[in-house]
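Student: Can you read through this structure? Questions will come right after.
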Amino acid sequence: MDPGFVSLQLEQLIDLRLEALRQGNAKPRHVLDLSRMFRRMGCGTLLAGGDTRFFFQGLFFAADAYLQLLERKERDPSLADPYDLARGRAEPLLDALALGDAELVRRIDARALTQYREGMEYEEDFWFFMLLPRLLDPSIGEPETREELRQMHEALQGIVYPRYDAVVALARGDREGFEAALEALIQAWASQFERDAESERGNPYALATEAEIFVEGLALVRLARIRGMPTREEYRLIPAATLTAPPAEQLREPLWKD
Numbered sequence: 000m001d002p003g004f005v006s007l008q009l010e011q012l013i014d015l016r017l018e019a020l021r022q023g024n025a026k027p028r029h030v031l032d033l034s035r036m037f038r039r040m041g042c043g044t045l046l047a048g049g050d051t052r053f054f055f056q057g058l059f060f061a062a063d064a065y066l067q068l069l070e071r072k073e074r075d076p077s078l079a080d081p082y083d084l085a086r087g088r089a090e091p092l093l094d095a096l097a098l099g100d101a102e103l104v105r106r107i108d109a110r111a112l113t114q115y116r117e118g119m120e121y122e123e124d125f126w127f128f129m130l131l132p133r134l135l136d137p138s139i140g141e142p143e144t145r146e147e148l149r150q151m152h153e154a155l156q157g158i159v160y161p162r163y164d165a166v167v168a169l170a171r172g173d174r175e176g177f178e179a180a181l182e183a184l185i186q187a188w189a190s191q192f193e194r195d196a197e198s199e200r201g202n203p204y205a206l207a208t209e210a211e212i213f214v215e216g217l218a219l220v221r222l223a224r225i226r227g228m229p230t231r232e233e234y235r236l237i238p239a240a241t242l243t244a245p246p247a248e249q250l251r252e253p254l255w256k257d
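Just so we're aligned: the sequence shown equals residues 0 to 257 in numbering that gives the first Met the number 0.
Written out as structure tokens, the structure reads:
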């Protein structure tokens, strides 16, 4: 599917989802779906025309929609879904990090769940999303994150998990280790979408957008740069345009009108 056409379709779906939310039909999974749509729309717009402004706007809306959900949950206990809001599913945190927006990352981190939910998330994912905000501070390294890294390593039980290798490399300032972990993540991402395309069971919106731009990888490169680690100008599935400076300020799209 043409990414430009997909972006237009996603824009229509977003309008429908926003209308449903504003009528009171809000569940955490609906907001997570909305974040996904914003992310894909941003990727599709960039792929169609190379407009980084709308790409970064899509990432901001994706992250901020999740933040608005967390803020509203504090006032509306009915939104406190421990499954959908498990820390290990906080993918919009990656959108904020992909923008290099430390303040947005910290605001999400401050409101996200901090306890591992056994049976509701993978423990290694929980620790991954716990560690990322901490590593925004270049003064925090391996000694300060040793306990989190230990628990993440134990949760893996010997399974190869490039996310673990990436956060270890970031904590150590290990450029070679980071590059190797990032390449493994990129390959895993690409392989998954190749399988989805071959099986014809993949999400067509994802295949036309996220399959071509790896936002998680972008987030990790931004984090490496924040920590003063040298990185390349671009990577496979992380175009140079995505690593340019985003707009200094983004305006919130309110999910709720009250």
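Glycine residues also receive a C-beta, built at the ideal position from the N, C-alpha and C atoms. Since the model is a prediction, treat every value here as computed from it, not as a measurement.
Can you tell me which of 57, 121, 25 puts its alpha carbon nearest to the alpha carbon of residue 7?
Tutor: Locating residue 7 in the sequence shown gives position 8, where the first residue counts as 1. Nearest option by C-alpha distance: 57.
Student: Mind checking residue 77: buried by the 16 CB within 10 Å criterion, or exposed?
Tutor: Stepping through the sequence shown from its first residue, residue 77 is reached at position 78. That one is exposed.
Student: Check residue 204 in the structure and name its three-state DSSP category.
Tutor: The residue given as residue 204 occupies position 205 in the sequence shown. In the structure shown, residue 204 sits in a helix (DSSP, three-state: H, G or I).
Student: Rounded to the nearest angstrom, what separates residue 130 and residue 166 at their Cα positions?
Tutor: Position 131 of the sequence shown, counting from 1, holds the residue named residue 130. Position 167 of the sequence shown, counting from 1, holds the residue named residue 166. The straight-line gap from Cα to Cα measures roughly 7 Å.
Student: Please list, in chain order, all residues of the same chain as residue 154 whose beta carbon is under 6 Å from its beta carbon, the five residues on each side excluded.
Tutor: The residue given as residue 154 occupies position 155 in the sequence shown. Result list for residue 154: 122, 123, in chain order.
Student: Could you name each continuous alpha helix (DSSP H) segment of 4 residues or more that falls completely within the region 119–158, going from the start of the chain to the end?
Tutor: 122–133, 141–155
Student: By a C-beta neighbour count over all protein chains shown, 10 Å radius and 16 as the cutoff for buried, is residue 87 buried or exposed?
Tutor: Taking the first residue of the sequence shown as position 1, residue 87 is located at position 88. So residue 87 ends up on the buried side.
Student: Going by C-alpha to C-alpha distance, which of 109, 248, 43, 89 sits closest to residue 73?
Tutor: Locating residue 73 in the sequence shown gives position 74, counting from the first residue. Across the set 109, 248, 43, 89, the C-alpha of 109 shows the shortest separation from the C-alpha of residue 73.
Student: Helix, strand or coil, according to DSSP, for residue 160 in the structure here?
Tutor: To locate residue 160, count along the sequence shown from 1; it is residue 161. Residue 160 falls in the coil class under three-state DSSP.
Student: Select from 125, 190, 50, 105 the residue whose C-alpha is nearest the C-alpha of residue 152.
Tutor: Walking along the sequence shown from the start, residue 152 turns up at place 153. Looking at the Cα atoms, 125 is the closest of the given residues.
Student: Could you tell me which of 229, 184, 98, 186 sits nearest to residue 174, measuring between CA atoms?
Tutor: Within the sequence shown, numbered from 1, the residue matching residue 174 stands at position 175. The shortest Cα separation from residue 174 among 229, 184, 98, 186 belongs to 229.
Student: Using beta-carbon positions only, say whether residue 39 and residue 204 come within less than 8 Å of one another.
Tutor: As a working note, residue 39 is residue 40 in the sequence shown. As a working note, residue 204 is residue 205 in the sequence shown. Cβ atoms of residue 39 and residue 204: closer than 8 Å.
Student: On a CA-only basis, which of 245, 214, 22 is nearest residue 256? Give me that one, please.
Tutor: Taking the sequence shown and counting its residues from 1, one reaches residue 256 at position 257. Of all alpha-carbon atoms in 245, 214, 22, the one lying nearest the alpha-carbon of residue 256 is that of 22.
Student: Determine the DSSP secondary structure at residue 225, reduced to helix, strand or coil.
Tutor: Numbered from its first residue, the sequence shown carries residue 225 at position 226. Residue state, collapsed to three classes: helix.
Student: Please report the distance separating the alpha-carbon of residue 133 from that of residue 44.
Tutor: For the purposes of this step, residue 133 is identified with residue 134 of the sequence shown, where counting begins at 1. For the purposes of this step, residue 44 is identified with residue 45 of the sequence shown, where counting begins at 1. Roughly 31 Å separates the two Cα atoms.
Student: Nearest by alpha-carbon distance to residue 90: which of 107, 14, 178, 146 is it?
Tutor: Counting from 1 along the sequence shown, the entry for residue 90 is found at position 91. Out of 107, 14, 178, 146, 107 has the C-alpha closest to the C-alpha of residue 90.
Student: Would you give the residue range spanned by the alpha helix (DSSP H) that residue 107 belongs to?
Tutor: Looking up residue 107 in the sequence shown gives position 108. That run of the alpha helix (DSSP H) goes 101–110.
Student: I'd like the list of long-range same chain contacts for residue 105, defined as Cβ closer than 8 Å, with 5 residues on each side in sequence excluded.
Tutor: Looking up residue 105 in the sequence shown gives position 106. Around residue 105: 132, 135.
Student: Comparing alpha-carbon positions, which option in 112, 93, 100, 146 lies nearest residue 84?
Tutor: Sequence index remark: in the sequence shown, residue 84 carries index 85 (1-based). Checking every option, the nearest Cα to that of residue 84 belongs to 112.
Student: Since residue 117 sits in a beta bridge, which residues does DSSP pair it with?
Tutor: Reading the sequence shown from its first residue, position 118 is the one you call residue 117. Note: residue 117 sits in a beta bridge opposite 120.
Student: At which residues does the alpha helix (DSSP H) containing residue 76 begin and terminate?
Tutor: Looking up residue 76 in the sequence shown gives position 77. From DSSP, residue 76 is part of no alpha helix (DSSP H); its letter is neither H nor E.
Student: Kindly indicate which residue of 209, 222, 141, 232 has the alpha-carbon position closest to the one of residue 101.
Tutor: Counting from 1 along the sequence shown, the entry for residue 101 is found at position 102. Residue 101 has its Cα closest to that of 222, out of 209, 222, 141, 232.
Student: With DSSP as the reference, identify every bridge partner of residue 237, one or two as the case may be.
Tutor: Taking the sequence shown and counting its residues from 1, the one referred to as residue 237 is at position 238. Looking at the DSSP output, residue 237 sits in a beta bridge with 234.
Student: Within 8 Å, do at least three Cβ pairs link the region 244–255 to the region 60–70?
Tutor: yes
Student: Would the beta-carbon of residue 59 fall within 8 Å of that of residue 98?
Tutor: Against the sequence shown, residue 59 aligns to sequence position 60. Against the sequence shown, residue 98 aligns to sequence position 99. Yes, these two residues count as a Cβ contact at 8 Å.
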